[in-house]
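Novice: Going left to right, the sequence shown walks through residues 35 to 490 as my numbering numbers them. Structure in structure tokens, see below.
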Amino acid sequence: MKSKKIREKFLSFFEGKEHKVVRSAPMVIKNDPTLMFTNAGMNQFKDYFLGDKEASDVRVTDSQKCLRVSGKHNDLEEVGLDSYHHTMFEMLGNWSFGDYFKEEAIGWAWELLVTEYGIDADRLYVSIFEGDDSDHLPIDEEARNIWKKYLPEERILLFGKRDNFWEMGETGPCGPCSEIHIDLRSEEERQATDGATLVNRDHPLVIELWNLVFMQYSRLETGALKPLPAQHVDTGMGFERLCMVLQGKTSNYDSDVFMPLIQQLSHISEIPYTGKYDSEAKKDMAFRVVVDHLRAVAFGIADGALPSNTGAGYVIRRILRRAVRYYYSFLDIKEPVMFALLTVLIDQMGDYFPELRQQKDLISKIIKTEEKSFLETLASGLKKLDEMNLQTGDLIDGDSAFELYDTYGFPIDLTRLIAEEHGAKVDMEGFEIALHQQRMRSKKDASKKVGDWRVV
Ligand code: SER
Numbered sequence: 035m036k037s038k039k040i041r042e043k044f045l046s047f048f049e050g051k052e053h054k055v056v057r058s059a060p061m062v063i064k065n066d067p068t069l070m071f072t073n074a075g076m077n078q079f080k081d082y083f084l085g086d087k088e089a090s091d092v093r094v095t096d097s098q099k100c101l102r103v104s105g106k107h108n109d110l111e112e113v114g115l116d117s118y119h120h121t122m123f124e125m126l127g128n129w130s131f132g133d134y135f136k137e138e139a140i141g142w143a144w145e146l147l148v149t150e151y152g153i154d155a156d157r158l159y160v161s162i163f164e165g166d167d168s169d170h171l172p173i174d175e176e177a178r179n180i181w182k183k184y185l186p187e188e189r190i191l192l193f194g195k196r197d198n199f200w201e202m203g204e205t206g207p208c209g210p211c212s213e214i215h216i217d218l219r220s221e222e223e224r225q226a227t228d229g230a231t232l233v234n235r236d237h238p239l240v241i242e243l244w245n246l247v248f249m250q251y252s253r254l255e256t257g258a259l260k261p262l263p264a265q266h267v268d269t270g271m272g273f274e275r276l277c278m279v280l281q282g283k284t285s286n287y288d289s290d291v292f293m294p295l296i297q298q299l300s301h302i303s304e305i306p307y308t309g310k311y312d313s314e315a316k317k318d319m320a321f322r323v324v325v326d327h328l329r330a331v332a333f334g335i336a337d338g339a340l341p342s343n344t345g346a347g348y349v350i351r352r353i354l355r356r357a358v359r360y361y362y363s364f365l366d367i368k369e370p371v372m373f374a375l376l377t378v379l380i381d382q383m384g385d386y387f388p389e390l391r392q393q394k395d396l397i398s399k400i401i402k403t404e405e406k407s408f409l410e411t412l413a414s415g416l417k418k419l420d421e422m423n424l425q426t427g428d429l430i431d432g433d434s435a436f437e438l439y440d441t442y443g444f445p446i447d448l449t450r451l452i453a454e455e456h457g458a459k460v461d462m463e464g465f466e467i468a469l470h471q472q473r474m475r476s477k478k479d480a481s482k483k484v485g486d487w488r489v490v
């Protein structure tokens, strides 16, 4: 099943259960001081959960573009290394605002996966919240009893707050959750090791597919939990993972969501993509980083976060520069290339996300200009790092890291990444001091760097 069809099927399934199909909210958030980017499908519905607004439709479904690169949910450093982390991703979700609760949420999730998508039920495991003393929360017996109707008890697993209590951020709506995991290993491997022992253990082939959150509380600034005025459902399933599973692949990057982009990059660079994941496979990793980051940057720009030195714009700039460094160092590409992949991306996603098509020229021009300007200083910055002759255990001092940032445009996490490749570290405290001193030197500059939000 092609990815377009997979998305369509999800939405029409819930439409058939009386859900209103709505559009994805922008990935860049402008009206919430606690969040810079949408990091989950529920963000746009936060006010309904908190009871601050009343929903006109109590059942809703969509595919939401999300970005997890800052704050509580940050996956940036993992991207490229494995088969399933991304910066930008789509989250398929269904919501109930004070309407249905656990019984329907669980029953429909099972029906869609097993009956509609045809996933082998025997490969599925579910997790439920085991309770938490510090928050005075009991085990989620209700979810456990509902799951027992669908799968044997030994595949219903208990986990604590870290895995099975979902929170949007440091504050805001939250609640116990129940996750559906899938075991994609071969029959022999499954015989040898029980899949239940690999759930939530970072195994690349035993992965979380769908998270069903039962929103019941709001986390306050004090850390206390306040019950919400009503009970809600918030579910989220990684679209790219689902495509991998339904297309019989073992990496998200091998699905038709990413492959056309990888093939185009391979064509331009004249380097084959071999799909390896070991630490020597730098070229393959560079492919994954570039195609992943292109999506984040293109959607970021389409939603109004133009690369800049502050706030959301700087996050987009950092992601883009990370990608440029990867193709420059490992694919030997010395000219802008990401902008040239945009046509393929739009072919893939432009129907469901028309903003990409509408702003194609602008996005393309901005990406190309950004690539070009960083490529102008990247080589000198890399040379500078080379001259440091970094060895395991070395420390890049704060002033050098600041010089790389200020003169050569190296975001600090890029310097850290390169240092780590040599087993070295960066003196982050020294870097912060140098940065602070520079800001103090220029009051005018300092006011520019405050970003969109001010504390008054
Ligand atoms: N909010 C939950 C998550 O992000 C489910 O949508 O996983």
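Note that CB positions come from ideal geometry on N, CA and C, so glycine has one too.
Around the C-beta of residue 327, are 16 or more other C-beta atoms found within 10 angstroms, so that it is buried, or is it exposed?
Specialist: With 16 or more Cβ atoms within 10 Å of its Cβ, residue 327 is classed as buried.
Novice: What number of angstroms, rounded off, separates the C-alpha of residue 46 from the C-alpha of residue 132?
Specialist: Taking the straight line from one Cα to the other gives about 22 Å.
Novice: How many Å lie between residue 92 and residue 356 at the Cα?
Specialist: Computed Cα separation, rounded: 41 Å.
Novice: Whole angstroms are fine: how far does the CA of residue 407 sit from the CA of residue 40?
Specialist: Each residue's alpha carbon lies about 39 Å from the other.
Novice: Starting from the Cα of residue 463, find the closest Cα among 244, 411, 317, 450 and give me that residue.
Specialist: Per the Cα distances, 450.
Novice: Count the other CB atoms within 10 Å of the CB of residue 413; is the residue buried (16 or more) or exposed (fewer)?
Specialist: Residue 413 should be labelled exposed.
Novice: Give the secondary structure of residue 327 by DSSP, where H, G and I count as helix, E and B as strand, and everything else as coil.
Specialist: Helix, per DSSP.
Novice: Taking the beta strand (DSSP E) that residue 499 falls in, what are its first and last residues?
Specialist: Outside the displayed span of the chain (35 to 490) sits residue 499, for which this structure offers no information.
Novice: For residue 220, is the classification buried or exposed, using 16 other Cβ atoms within 10 angstroms of its Cβ as the cut-off for buried?
Specialist: Exposed, since its Cβ has fewer than 16 Cβ neighbours within 10 Å.
Novice: Under three-state DSSP, which class holds residue 279?
Specialist: In the structure shown, residue 279 sits in a helix (DSSP, three-state: H, G or I).
Novice: Nearest to residue 180 by alpha carbon, out of 57, 142, 376, 171?
Specialist: For residue 180, the nearest C-alpha among the options comes from 142.
Novice: According to DSSP, simplified to helix, strand and coil, what is residue 90?
Specialist: Here residue 90 sits in coil by DSSP.
Novice: Count the other CB atoms within 10 Å of the CB of residue 99; is the residue buried (16 or more) or exposed (fewer)?
Specialist: Residue 99 comes out buried.
Novice: Following the continuous beta strand (DSSP E) through residue 262, name the residue where it begins and the one where it ends.
Specialist: Residues 259-272.
Novice: Is it buried or exposed for residue 225, if we count other Cβ within 10 angstroms and need 16 for buried?
Specialist: That one is exposed.
Novice: My assumption, with CB atoms under 8 Å, is that residue 83 sits in contact with residue 249. Please give the rounded CB distance.
Specialist: The pair is a contact, with the Cβ atoms about 5 Å apart (cut-off 8 Å).
Novice: With distances taken from CA atoms, which of 185, 134, 159, 345 is nearest residue 265?
Specialist: Closest option to residue 265, Cα to Cα, is 134.
Novice: Kindly list the residues whose CB is nearer than 6 Å to the CB of residue 146, restricted to its own chain and excluding five residues on each side of it in sequence; keep chain order.
Specialist: So the qualifying residues of the chain are 47.
Novice: The beta strand (DSSP E) that contains residue 251, what's its start and end?
Specialist: 240-253 is the span of the beta strand (DSSP E), which, as asked, contains residue 251.
Novice: Determine the extent of the alpha helix (DSSP H) in which residue 361 is found, giving its start and end residues.
Specialist: That run of the alpha helix (DSSP H) goes 345-364.
Novice: Count the other CB atoms within 10 Å of the CB of residue 470; is the residue buried (16 or more) or exposed (fewer)?
Specialist: Classification of residue 470: exposed, given that the 10 Å Cβ count is below 16.
Novice: Could you check if residue 44 is buried or exposed, using at least 16 other CB atoms within 10 Å of its CB as the buried criterion?
Specialist: It is buried - the Cβ of residue 44 has at least 16 other Cβ atoms within 10 Å.
Novice: Going by alpha carbons, who is nearest to residue 210 out of 188, 136, 204, 255?
Specialist: Selected option, being the one with the closest Cα: 136.
Novice: Short check: CB of residue 202 to CB of residue 87, under 8 Å?
Specialist: In this structure, residue 87 does not lie closer than 8 Å to residue 202 by Cβ.
Novice: Determine the burial state of residue 317: buried for a count of at least 16 other Cβ atoms within 10 Å of its Cβ, exposed for fewer.
Specialist: Classification of residue 317: buried, given that the 10 Å Cβ count is 16 or more.
Novice: In angstroms, rounded to a whole number, what distance separates the CA positions of residue 85 and residue 387?
Specialist: So the two alpha carbons sit approximately 30 Å from each other.
Novice: Going by other Cβ atoms of all chains shown within 10 Å of its Cβ, with 16 needed for buried, is residue 254 buried or exposed?
Specialist: Its Cβ having fewer than 16 others within 10 Å, residue 254 is exposed.
Novice: Can you list, in chain order, the residues of its chain with a C-beta nearer than 6 Å to that of residue 64? Leave out the 5 residues immediately preceding and following it.
Specialist: Around residue 64: no qualifying Cβ.
Novice: Which whole runs of the alpha helix (DSSP H) in the region 117-160 are 4 residues long or more, in chain order?
Specialist: With a minimum length of 4 residues, the continuous alpha helix (DSSP H) runs that stay inside the region 117-160 are 136-144.
Novice: Out of 366, 307, 216, which has the shortest C-alpha to C-alpha gap to residue 280?
Specialist: Selected option, being the one with the closest Cα: 216.
Novice: Report the option in 222, 119, 369, 128 whose CA atom is closest to the CA atom of residue 267.
Specialist: The shortest Cα separation from residue 267 among 222, 119, 369, 128 belongs to 128.
Novice: Measuring CB to CB, does residue 399 end up less than 8 Å from residue 376?
Specialist: For residue 399 and residue 376, no; Cβs fall outside 8 Å.
Novice: In the DSSP output, what is residue 163 paired with across the bridge?
Specialist: Bridge partners of residue 163: 193.
Novice: With distances taken from CA atoms, which of 415, 454, 347, 302 is nearest residue 425?
Specialist: Looking at the Cα atoms, 454 is the closest of the given residues.
Novice: At a Cβ threshold of 8 Å, is residue 402 touching chain D?
Specialist: The structure shown has no chain D; it contains just one protein chain.
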